[in-house]
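Take 1039 as the starting number for the sequence shown in this note's numbering and just add one per residue. For glycine and all other residues, C-beta sits at the position ideal for the given N, C-alpha and C.
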Amino acid sequence: MLKPSATNSKSMDEIVALCKRRGFVYPASEIYGGINGFWDYGPLGVALKNNIRDDWWRNLVECPPLDADGNPLQIVGLDSAIIQNPNAWVASGHVGGFSDPMVDCHATKSRYRLDHVMVYRPREGTDVHPSYAFMEGQPDSIAKKLKKATRGRDVSELFEVVALEDLTVADYAMIVGPDTKEQGTLTEPKQFNLMFQTTVGATGGPENVAYLRPETAQGIFLSYKNVLDTMRVRMPFGIAQIGKAFRNEVTPRNFIFRSREFEQMEMEWFCHPDESEHWFSYWKQQRMQWWQSLGVESNNLTLRDHEQDELSHYSDATSDIEYCYPFTAPAFGELEGIAHRGCFDLTQHQKHSKQKLEYFDQQRNERYIPHVIEPASGLTRGVLALLCEAYTHDDQRPSKMYMKFHPRMAPIKAAVFPLVNKDGMPEVAQKLHLELRSRFTIEFDAKQSIGKRYARMDEAGTPYCFTIDGDTLNDQTVTVRHRDTLQQERIGIDHVSEFMTKNILV
Ligand code: ATP
1039 MLKPSATNSK SMDEIVALCK RRGFVYPASE IYGGINGFWD YGPLGVALKN
1089 NIRDDWWRNL VECPPLDADG NPLQIVGLDS AIIQNPNAWV ASGHVGGFSD
1139 PMVDCHATKS RYRLDHVMVY RPREGTDVHP SYAFMEGQPD SIAKKLKKAT
1189 RGRDVSELFE VVALEDLTVA DYAMIVGPDT KEQGTLTEPK QFNLMFQTTV
1239 GATGGPENVA YLRPETAQGI FLSYKNVLDT MRVRMPFGIA QIGKAFRNEV
1289 TPRNFIFRSR EFEQMEMEWF CHPDESEHWF SYWKQQRMQW WQSLGVESNN
1339 LTLRDHEQDE LSHYSDATSD IEYCYPFTAP AFGELEGIAH RGCFDLTQHQ
1389 KHSKQKLEYF DQQRNERYIP HVIEPASGLT RGVLALLCEA YTHDDQRPSK
1439 MYMKFHPRMA PIKAAVFPLV NKDGMPEVAQ KLHLELRSRF TIEFDAKQSI
1489 GKRYARMDEA GTPYCFTIDG DTLNDQTVTV RHRDTLQQER IGIDHVSEFM
1539 TKNILV
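And the structure:
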């Protein structure tokens, strides 16, 4: 059953516009007309992204969770190369299998990922025809075509919605493609490899082809032996890595949800095969709690176990943590996958590299290839989830909305304003700014009316604004404005730093 969600009523168009206006996310190469599937993170966007990244790293590598006996788990960090020996991608199955089935449209030359296309198919016994295809989540894009076909009658009585992948190729002749008015223009599905290719070295040529990594995980398996040999790690232990990944996605869409260059935060947890089920449950629970600790409402998160036929080639079991994005609502879309990878990867790399990757467990006096549990999340997809979660309508404010970030995630933690840019106020404000900025990201702003400055900070999601006014010079107090309640109170200027420690580092 679907849970009620707080993000349902939010508009993606408004969120995308805010991201551009306030410097969270810009289209890449915009002055050249952009490039589909690539995005630049602006000053506020990179700050938000770094906050998520740093929290993940702290939560796993620097201050890892505890085991059932109350002892901290052992997790070490890694930053592996984006380009690796191409044989690694043969072993991992990406050269042979990392592909999506796709259909092309003869008429428009558009290409669609098969599992992203849905179809309005006439119900039996009705007089309507043909079928109309649309991109999953975007039924409005064919509203006009349907209106014409139904001549004002109820669409759901005349048509049923089915997935294109559930139809046979013979049915395609009856289908009008998502972006055309003709029927029968869709081709039969073909496999398309998602890895970006490049050549290494000056000579080029097919023998020098290499790939940009489509996931950070494989770099961890490639360094597994070195970590074992050089660090004092023992089973069970984890290796964590954050970095860029590249996939030549057929249909990049939904803003930064599915892009061609993105960032991942992945951890491979190595353990004895007998303990893998225990750790699989453990990590599912830990990861849900972590997303909630960033201020994501539990109503907007769900944990979904994959059906047997959905599992990837490497996985014994997978659960996704899903978020209710405005474009999936009331349904949920993937935010993080937690996969039980068994011993697939290390076995493959052992076979292809001919290097022994077994572990000798002294406590058990046993040699084995460890099993792996992998919590794999999208950092940039996490940015999107936090942006959607924070976006809050409020007609009381000049900005009509504010970004309700968890204080720890807010790109700017506080702003310091002199009420007017004279009478000694700027000097006092600047002094406070300099005092705070060594510990927090602080904005100093002396321009425009105070109302406009508050409105800018509401759009940036800054939890607190400190204003220095005439009274400050007499009684050493400042006004604190609380973003969420709009409440204002006065506190001593000497207590601002302590106030920040108490309210931001929560
Ligand atoms: P999907 O089924 O949506 O293509 P996936 O299951 O292949 O995704 P994984 O390989 O499990 O994704 O990658 C782990 C995480 O990386 C995902 O949960 C997601 O947050 C993120 N991710 C994957 N592909 C993209 C992308 N193209 N753009 C942004 N983030 C992505």
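Is it buried or exposed for residue i, if we count other Cβ within 10 angstroms and need 16 for buried?
i, result
"Gly-1508", "exposed"
"Thr-1539", "exposed"
"Pro-1042", "Since pLDDT at Pro-1042 reaches only 49, below the 50 mark, its modelled position is unreliable, and no value is offered."
"Leu-1511", "exposed"
"Gly-1243", "exposed"
"Ala-1240", "exposed"
"Leu-1040", "Low confidence applies to Leu-1040: its pLDDT is 46, below 50, so where it sits in the model is not reliable enough to give any reading."
"Thr-1246", "Per the sequence shown, residue 1246 should be read as Asn rather than Thr. So Asn-1246 counts as exposed."
"Glu-1427", "buried"
"Asp-1383", "buried"
"Asn-1459", "exposed"
"Ile-1121", "exposed"
"Asn-1403", "exposed"
"Arg-1059", "exposed"
"Arg-1270", "exposed"
"Leu-1086", "buried"
"Leu-1056", "buried"
Taking 7 Å as the cut-off, does the CB of residue i come closer than this to any heavy atom belonging to ligand 1?
i, result
"Ser-993", "This structure gives no information on residue 993, because the portion of the chain shown stretches from 1039 to 1544."
"Ala-1414", "yes"
"Phe-1300", "yes"
"Thr-1289", "no"
"Glu-1372", "yes"
"Ser-1297", "yes"
"Glu-1253", "yes"
"Gly-1499", "no"
"Gly-1375", "yes"
"Arg-1091", "no"
"Arg-1379", "no"
"Arg-1149", "no"
"Arg-1419", "yes"
"Arg-1325", "no"
"Arg-1342", "no"
"Arg-1285", "yes"
Using alpha carbons as the reference points, say which of the options lies closest to residue i.
i, options, result
"Ala-1448", "Asp-1078, Met-1495, Asp-1358 and Thr-1418", "Met-1495"
"Ile-1542", "Lys-1389, His-1520, Val-1199 and Val-1466", "His-1520"
"Ala-1145", "Tyr-1352, Glu-1100 and Asp-1217", "Asp-1217"
"Ser-1176", "Glu-1195, Ala-1367 and Leu-1056", "The residue you asked about is not Ser; residue 1176 is Gln in the sequence shown. The candidate whose alpha carbon is nearest that of Gln-1176 is Ala-1367."
"Ala-1414", "Glu-1306, Ile-1180 and Pro-1065", "Glu-1306"
"Asn-1088", "Pro-1103, Gly-1420 and Ala-1171", "Gly-1420"
"Leu-1104", "Gln-1324, Phe-1478, Asp-1532 and Tyr-1352", "Gln-1324"
"Phe-1295", "Phe-1076, Tyr-1352 and Gly-1462", "Phe-1076"
"Asp-1513", "Glu-1304, Ile-1480, Arg-1491 and Val-1466", "Val-1466"
"Thr-1164", "Ser-1137, Phe-1136, Glu-1195 and Lys-1186", "Glu-1195"
"Thr-1517", "Gly-1135, Tyr-1492 and Ala-1498", "Tyr-1492"
"Leu-1339", "Phe-1318, Tyr-1352 and Gly-1371", "Gly-1371"
"Gln-1256", "Arg-1435, Leu-1425 and Val-1128", "Val-1128"
"Gln-1486", "Leu-1457, Ile-1506 and His-1471", "Leu-1457"
"Ile-1450", "Phe-1478, His-1351 and Gln-1400", "Phe-1478"
"Lys-1438", "Gln-1112, Gly-1499, Asp-1461 and Gly-1071", "Gly-1499"
"Leu-1260", "Lys-1322, Leu-1205 and Ser-1391", "Ser-1391"
"Gln-1229", "Ile-1073, Ile-1090 and Gly-1135", "Gly-1135"
"Pro-1445", "Ile-1090, Ile-1073, Ala-1066 and Gly-1072", "Ile-1090"
Quick one, are the C-beta atoms of residue i and residue j less than 8 Å apart?
i, j, result
"Phe-1234", "Phe-1284", "yes"
"Gly-1061", "Pro-1081", "yes"
"Ile-1359", "Cys-1381", "no"
"Phe-1504", "Ala-1484", "no"
"Gly-1416", "Leu-1373", "yes"
"Ile-1053", "Tyr-1320", "no"
"Leu-1341", "Ser-1331", "no"
"Thr-1254", "Gly-1281", "yes"
"Ser-1314", "His-1387", "no"
"Pro-1501", "Met-1050", "no"
"Val-1157", "Ser-1169", "yes"
"Glu-1412", "Ile-1376", "yes"
"Leu-1232", "Ser-1137", "yes"
Since I believe residue j is in contact with residue i (beta carbons under 8 Å), could you give me their beta-carbon distance rounded to a whole number of angstroms?
i, j, result
"Val-1141", "Thr-1225", "6 Å"
"Val-1288", "Arg-1149", "6 Å"
"Ile-1277", "Val-1114", "6 Å"
"Arg-1161", "Phe-1197", "6 Å"
"Tyr-1361", "Ala-1423", "5 Å"
"Phe-1308", "Pro-1274", "6 Å"
"Asn-1097", "Trp-1328", "6 Å"
Mind checking if residue i is an interface residue toward chain B, Cβ cutoff 8 Å exclusive?
i, result
"Glu-1345", "Of the protein chains in this structure there is only one, and it is not chain B."
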